[in-house]
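Colleague: The structure under discussion is supplied below as structure tokens; questions concerning it will follow.
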Amino acid sequence: MSDGEAAAVALQAGGGPAGPADADDPQEAPPADAAAQGLQDIAERLMSSGHERPEQDACPICFDLIGFPVAVYSSINQCCMKVICIGCILAARQRGIYDRCPFCRTPLPRDDPSKLEMIQKRVSKGDAEAISFLGEQYLYGNLGLSKDIPRAIELWTEAVDLGSVNAHYSLGFVYYNGKGVEEDKPRGIHHWQRAAMKGDVDSRHNLGRVEHKNGNYELALQHFMISAKMGYEVSLDGIKDMFKEGHATKPQYAEALLGYRDAVEEMKSPQREEAKRLRCLYSNLQKTSVGERGQR
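Position 99 (the sequence shown) corresponds to 99 in UniProt numbering; numbering is contiguous.
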């Protein structure tokens with residue numbers, strides 16, 4: 001991240017620049033010092049928070065965190081916008097529940113118009129995740145909708161105000177990459193920072209990639225270490241590559257590997273392992289709407 005990008009991120013994260021100060025105030029810090037302090041404060045907050053995944057990453061039935069990629073090892077139902085792990089879906093099918101949501105027992109929609117109607121019903125009730133999910137559909141033109149990125153951004157902005165971590169990630173994705181909107185990397189980084197501080201693994205990993213790209217290897221390693229210890233294999237691979245490059249030590253890689261293994265073990269269950277072996281849910285999982293994180 002360049003100094004200009006970092007300063008822009010600091011201002012956004014801090015709510016914008018302060019108003020004019022009294023020029024005679026001897027305690028007023030010079031602008032450069034204030035900006036440097038802002039960057040330091042953000043760095044401290046980034047590294048000290050977001051070490052645990054958000055509640056929405058856990059299956060609402062078994063309460064265990066879902067493994068990565070989440071889109072492969074779970075399915076989202078538009079009736080309640082709950083993300084159900086493959087183990088609980090398998091358990092429901094073994095009990096004869098095929099055509100209803102395993103969580104709320106609502107009959108599953110049969111076509112795109114029915115799915116869209118369910119989502120819009122949740123949106124009308126102010127469901128932050130439904131609003132964010134609808135934005136994803138506009139981004140990719142799913143469920144019979146035309147691609148409309150300005151509408152997607154509008155929805156994500158609304159969802160962010162309601163507390164959606166996913167919406168922060170999505171805004172970061174489109175702004176940083178210039179996906180259908182003018183590229184604005186500082187703005188994209190700002191949204192990833194907000195999401196990372198709430199435990200979003202994809203955003204945390206992306207911040208590590210940004211720092212690595214800009215040669216800030218120590219910061220990149222810290223970001224990758226946090227997400228690797230939450231069970232994100234891509235970040236573990238990033239630390240492995242940094243070790244090969246000479247930017248990480250053998251003890252640091254070993255620490256990441258142990259943390260990764262512990263996190264993965266916590267996400268396992270007999271039902272989930274059985275579901276993986278049987279592969280009986282793959283046809284259902286492939287119907288998950290395009291635009292979820294694991295499909296990017």
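Even glycine gets a Cβ: it sits at the ideal position worked out from N, Cα and C.
Return the first residue and the last residue of the alpha helix (DSSP H) that Val70 is part of.
Modeller: For the purposes of this step, residue 70 is identified with residue 70 of the sequence shown, where counting begins at 1. Careful: Val70 lies outside any alpha helix (DSSP H) and carries neither H nor E.
Colleague: Please report how far the alpha carbon of His223 lies from the alpha carbon of His205, in whole angstroms.
Modeller: Numbered from 1 along the sequence shown, position 223 holds the residue referred to as residue 223. Numbered from 1 along the sequence shown, position 205 holds the residue referred to as residue 205. If you draw a straight line from the Cα of His223 to the Cα of His205, it comes to about 6 Å.
Colleague: Would you mind sorting Leu278 into buried or exposed? The rule is 16 or more other CB atoms within 10 Å of its CB.
Modeller: On the sequence shown, residue 278 is found 278 positions in, with the first residue counted as 1. Leu278 is exposed by the Cβ-count criterion.
Colleague: Specify, as a first and last residue, the run of the beta strand (DSSP E) that Cys88 falls within.
Modeller: Translated into positions along the sequence shown, residue 88 becomes position 88. Per DSSP, Cys88 lies in no beta strand (DSSP E) segment; the continuous alpha helix (DSSP H) that holds it begins and ends at Ile86 to Gln94.
Colleague: When you measure from the CB of Leu207 to every non-hydrogen atom of the ligand GDP, does any distance come out below 8 Å?
Modeller: What this structure holds is no ligand at all, so the ligand GDP is not there to describe.
Colleague: Please say whether Cys59 and Gly87 have beta carbons closer to each other than 9 Å?
Modeller: Walking along the sequence shown from the start, residue 87 turns up at place 87. Walking along the sequence shown from the start, residue 59 turns up at place 59. Yes, the pair counts as a contact, with Cβ atoms nearer than the cut-off.
Colleague: Considering Cα atoms alone, identify which of Ala43, Ala36, Glu154 and Asp33 is closest to Gln193.
Modeller: For this step, residue 193 is matched to residue 193 along the sequence shown. Cα-wise, what sits closest to Gln193 is Ala43.
Colleague: Near Leu219, what residues of its chain come up, given a Cβ to Cβ distance below 6 Å and the 5 sequence neighbours on each side ignored?
Modeller: Indexing the sequence shown from 1 puts residue 219 at position 219. Glu211, listed in sequence order.
Colleague: Which two residues bound the contiguous alpha helix (DSSP H) that contains residue 307?
Modeller: No answer is possible for residue 307: it lies beyond the span of the chain, which begins at 1 and ends at 296.
Colleague: Following the continuous alpha helix (DSSP H) through residue 307, name the residue where it begins and the one where it ends.
Modeller: Because the chain spans 1 through 296 in this model, residue 307 falls outside it and cannot be assessed.
Colleague: Does Ser269 come out as helix, strand or coil in the three-state DSSP assignment?
Modeller: The sequence position of residue 269 within the sequence shown is 269, counting from 1. It is coil, neither helix nor strand.
Colleague: Roughly how many whole angstroms lie between the Cα atoms of Ala256 and His51?
Modeller: Locating residue 256 in the sequence shown gives position 256, counting from the first residue. Locating residue 51 in the sequence shown gives position 51, counting from the first residue. If I take the Cα positions, the gap works out to 13 Å.
Colleague: Under 7 Å Cβ to Cβ from Arg53, same chain only, skipping five residues before and after it: list those, please.
Modeller: Taking the first residue of the sequence shown as position 1, residue 53 is located at position 53. Excluding positions up to five away in sequence, the list reads Leu65, Gly199, Val201 and Met230.
Colleague: Indicate the three-state DSSP secondary structure (helix, strand or coil) for Pro107 in the structure shown.
Modeller: What you label residue 107 is simply residue 107 of the sequence shown in a count that begins at 1. Secondary structure at Pro107: strand, using DSSP grouped into helix, strand and coil.
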